[in-house]
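To keep things clear, I will list the structure first and then write my remarks on it.
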Amino acid sequence: MQKSFSDLEYANKKKLTRRDVFLAELDSTTPWGKLHQEIEPFYPRVNGAGRPPIGLARMLRMYVAQQCFGMSDEGIEDAIYDSQAIRGFVGIDLNRESAPDATTLLKFRHLLEDNELTKKIFDTINGHLAEKGLMMREGTIVDATLIAAPPSTKNKNGERDPEMHQSKKGNDWHFGMKAHVGVDAASGLVHTVIGTAGNVSDVTQACALLHGDESAALGDAGYQGVEKRPENQGRSVTWHVAMKRSKRKALPKNKVGRMLEKLEHLKASVRAKVEHPFHVIKNLFRHRKTRYRGLAKNTAQLFTLFGFANLVLAGRRFSITESRRAP
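For the sequence shown, UniProt numbering gives the first residue as 1, with consecutive numbering after it.
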């Protein structure tokens, strides 16, 4: 295939941008073949003499790039024309073809949502990482994060999303949904995702976030009383939940109090791993607000986001390990 002058200039440039590096790492860590196998049975085929659909590999890469850069359907279409890095990742040669349009990507996303394929993407990625020995399955950290939803009523129905609700954090109220996650205590990778309205209490989802093989589970003070809940009865897991702030401040200034304070610091240091996937989806992937209407569509998106957040975190862990091994 003959390359254009811009392609040759891009290939010979001296410095790689952060976008170049990120996409190269994402490309190398993603189990593309396994993801294709999960989606292909649901992907449309040519019927008779009709126009053939755009290749699955290309549409999946366009969808992944969209999610990892927090873009709209129109935004990622424009980005393919604007960015050589994204164009190369998706596999588009503008000398021979145009980029898939926003409507085509919309249909592809609906295909994933309607067939619960984003959950399969999440599970496939986690299975791939488990094969590499990254999922230890001995302990789980549970936590939840608020994701804001547009409060505007300037829409066709003249109302806010009825499936989103208000939630109070500290002294502030937030309108939106919650992403509840169960995170592997050893690797910091997410193994379970649940999406609920913002007013659902964290502790009600705690046991559903366990995979069942762990011997210990950790949570912040919002999970107080979880061991007494009926859904926890009969489980062999031991819960390590943070003290409430008021109780912690009232600890005695003696040896026992210092030991309990040290224990709280230890639990907090382990729980800190749960913040890493939240950091990736909110700051790196820029997913701080819901993009769609309704819990089902937004939860489907969370599976994709946390699946690829796991790949990002696993890739960083491998790079750190390799740098330590280097002479």
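Idealized CB from N, CA, C, for every residue including glycine.
Keep in mind it's a predicted model, so treat the numbers as computed, not measured.
key: residue 267 - DSSP class collapsed to helix/strand/coil   = Translated into positions along the sequence shown, residue 267 becomes position 267. Reduced to three states, the DSSP call for residue 267 is helix.
inquiry  = I need the DSSP call for residue 125, collapsed to helix, strand or coil.
reply    = Residue mapping note: residue 125 aligns to position 125 of the sequence shown, counting from 1. The answer is helix: DSSP assigns residue 125 an H, G or I state.
ask   = Taking the continuous alpha helix (DSSP H) assigned at residue 60, which residues delimit it?
value = On the sequence shown, position 60 is the one that residue 60 refers to. Here the alpha helix (DSSP H) through residue 60 covers 56-69.
message = Measuring straight from C-alpha to C-alpha, what distance separates residue 144 and residue 282?
response = Counting from one through the sequence shown, the residue named residue 144 turns up at place 144. Counting from one through the sequence shown, the residue named residue 282 turns up at place 282. Cα-Cα distance, rounded: 13 Å.
Segment limits, alpha helix (DSSP H) that includes residue 166 = For the purposes of this step, residue 166 is taken as residue 166 along the sequence shown, with counting starting at 1. That residue, residue 166, is in no alpha helix (DSSP H); its beta strand (DSSP E) goes 165-169.
Per DSSP, cross-strand counterpart(s) of residue 218 = Here the question's residue 218 lines up with position 218 in the sequence shown. Answer is 141 and 240.
query = Taking 7 Å as the cut-off, is the CB of residue 198 close to at least one heavy atom of the ligand MG?
reply = The model depicted lacks the ligand MG and carries no ligand whatsoever.
query = Between residue 60 and residue 39, is the Cβ-Cβ spacing less than 8 Å?
reply = Walking along the sequence shown from the start, residue 60 turns up at place 60. Walking along the sequence shown from the start, residue 39 turns up at place 39. Against a cut-off of 8 Å, the Cβ pair of residue 39 and residue 60 comes out as a contact.
message = If I follow the unbroken beta strand (DSSP E) through residue 191, where does it start and stop?
response = The residue you call residue 191 lines up with position 191 of the sequence shown. Here the beta strand (DSSP E) through residue 191 covers 190-197.
query = Cα-Cα, which of 242, 62 and 119 is closest to residue 219?
reply = Stepping through the sequence shown from its first residue, residue 219 is reached at position 219. Ranking 242, 62 and 119 by Cα distance to residue 219 puts 242 first.
message = If contact is defined by three or more beta carbon pairs under 8 Å, each pair taking one atom from either stretch, is the stretch 260-270 in contact with the stretch 125-134?
response = no
task = Please name the residue, chosen from 88, 247, 239 and 238, that lies closest to residue 20 on a Cα-to-Cα basis.
result = Locating residue 20 in the sequence shown gives position 20, counting from the first residue. Comparing Cα-Cα distances from residue 20 to each of 88, 247, 239 and 238, the minimum goes to 88.
key: Opposing strand residues paired with residue 173 [DSSP bridges]   = On the sequence shown, residue 173 is found 173 positions in, with the first residue counted as 1. Answer by DSSP bridge pairing, in chain order: 168.
request  = Could you tell me if residue 81 is buried or exposed, where buried requires 16 or more neighbouring beta carbons within 10 angstroms of its beta carbon?
outcome  = As a working note, residue 81 is residue 81 in the sequence shown. Answer is exposed; the Cβ neighbour count stays below 16.
message = Here's a check: name, in chain order, each residue in its chain whose Cβ is nearer than 6 Å to the Cβ of residue 309, leaving out the five neighbours to either side.
response = Indexing the sequence shown from 1 puts residue 309 at position 309. The answer, listed in chain order, is 277, 280 and 281.
Paired residues, beta bridge with residue 289 - DSSP = Taking the sequence shown and counting its residues from 1, the one referred to as residue 289 is at position 289. Its beta-bridge partners are 148.
ask   = Should the stretch 217-236 be regarded as contacting the stretch 158-171, the criterion being three or more beta carbon pairs within less than 8 Å?
value = no
ask   = For the stretch 109-122 against the stretch 180-187, are there 3 or more C-beta pairs whose distance is under 8 Å?
value = no
ask   = residue 273 to residue 102, Cα distance in whole Å?
value = Looking up residue 273 in the sequence shown gives position 273. Looking up residue 102 in the sequence shown gives position 102. Residue 273 and residue 102: Cα-Cα distance of roughly 36 Å.
request  = Put residue 33 into one of helix, strand or coil per three-state DSSP.
outcome  = For the purposes of this step, residue 33 is taken as residue 33 along the sequence shown, with counting starting at 1. In the structure shown, residue 33 sits in a helix (DSSP, three-state: H, G or I).
query = Quick one, which of 141, 149 and 98 has its alpha-carbon nearest residue 192's?
reply = Indexing the sequence shown from 1 puts residue 192 at position 192. Ranking the options by Cα distance to residue 192, first place goes to 141.
query = Going by Cα to Cα distance, which pick from 37, 169 and 302 is closest to residue 195?
reply = By 1-based counting over the sequence shown, the position of residue 195 is 195. When each option's Cα is compared against that of residue 195, the closest is 302.
task = Spatial neighbours of residue 29 within its chain, please: CB distance less than 6 Å, with the 5 preceding and 5 following residues excluded, ordered by chain position.
result = Numbered from 1 along the sequence shown, position 29 holds the residue referred to as residue 29. Here the set comprises 311 and 315.
query = First and last residue of the alpha helix (DSSP H) that includes residue 102?
reply = Reading the sequence shown from its first residue, position 102 is the one you call residue 102. 102-114 is the extent of the alpha helix (DSSP H) around residue 102.
query = Since residue 249 is in the alpha helix (DSSP H), which residue starts that stretch and which ends it?
reply = Locating residue 249 in the sequence shown gives position 249, where the first residue counts as 1. Looking at the DSSP string, the run of the alpha helix (DSSP H) that includes residue 249 is 245-249.
ask   = How big is the Cα-Cα spacing for residue 284 and residue 255?
value = Mapped onto the sequence shown, residue 284 falls at position 284. Mapped onto the sequence shown, residue 255 falls at position 255. Cα-Cα distance, rounded: 43 Å.
task = Inspect the beta-carbon positions of residue 44 and residue 31 and report whether they are closer than 8 Å.
result = Reading the sequence shown from its first residue, position 44 is the one you call residue 44. Reading the sequence shown from its first residue, position 31 is the one you call residue 31. No. Outside cutoff.
key: With 16 other Cβ atoms within 10 Å as the buried cut-off, status of residue 271   = If you number the sequence shown from 1, residue 271 lands on position 271. Burial call: buried.
message = Looking at the strands, I want to know which residues DSSP matches up with residue 178.
response = In the sequence shown, the residue the question calls residue 178 occupies position 178. Its beta-bridge partners are 146 and 196.
key: Counterpart residues of residue 183 in DSSP-defined beta bridges   = Taking the first residue of the sequence shown as position 1, residue 183 is located at position 183. For residue 183, which the question treats as bridged, DSSP gives the partners 141 and 190.
query = Under the three-state reduction of DSSP, which class applies to residue 41: helix, strand or coil?
reply = Indexing the sequence shown from 1 puts residue 41 at position 41. Looking at residue 41 - three-state DSSP - the assignment turns out to be helix.
message = My output table needs one value for residue 160: the three-state DSSP class, helix, strand or coil.
response = For the purposes of this step, residue 160 is taken as residue 160 along the sequence shown, with counting starting at 1. Looking at residue 160 - three-state DSSP - the assignment turns out to be coil, as it is neither helix nor strand.
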